[in-house]
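Heads up, the numbering used here is the position in the first sequence plus 23, with the first residue counted as 1. Here a beta-carbon is modelled for each residue, glycine too, at the ideal position from N, C-alpha and C.
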Amino acid sequence: MTTDFYQQVYTLVAVIPHGKVLNYGMVALLLGRPRNARAVGYALNNLPYDHNIPWQRVVGKNGRYGRSTIRSLMHGRDQQIALLKDEGIEFNDNQEFILADYLWNPSAEEVSAILNGSSS
DNA sequence: ACGGTGACACCAG
DNA sequence: TCTGGTGCCACCG
């Protein structure tokens, strides 16, 4: 009983392949809201308690957290990095990684099928 | 309905 | 390159 937008975010994030990532802006774009990255973050901040969603696969634009607006995450930045490393993503000494190397790039049809198949 | 807030993104200095 | 300000849009009180 979440809003459609929340549900779409959860549905999409839930199917991000192992070892792949998406940034907030990309999620927003795939959902048809190109400038609404903030709402994506808001949705992930309100994950249901019983969620089984790979939230760690959604990262900041530069492939890391690091902007002043972000302080502490519910699970912690270090925890997220640990989880991503566990999926095979390689970080450099600055706790960054090449976003383009791991970015998930589904087609519009694929996304459409995903949203239509699971949300209703 | 309105204003404040925010797991972001982008631009300017 | 880094910091600060602005734009965006959905949610909450």
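In the three-state reduction of the DSSP assignment, Leu54 falls in the coil class, being assigned neither a helical nor a strand state. The distance from the Cβ of Leu54 to that of Val32 is about 7 Å, consistent with a contact at the 8 Å cut-off.
DSSP places Leu70 outside both helix and strand once states are collapsed to three, so it counts as coil.
Cα atoms of Glu110 and Ile104: separation of roughly 10 Å, rounded to the nearest angstrom.
Annotation: Phe114 to Thr26 spans about 35 Å, alpha carbon to alpha carbon.
Here the alpha carbon of Lys84 sits roughly 22 Å from the alpha carbon of Glu133. The distance from the Cβ of Leu35 to that of Gln79 is about 15 Å, inconsistent with a contact at the 8 Å cut-off. Take Trp127, set aside five residues on each side of it, and the residues of its chain with a beta-carbon closer than 7 Å to its own are Ile39, Pro40, Lys43, Val44, Leu45, in chain order.
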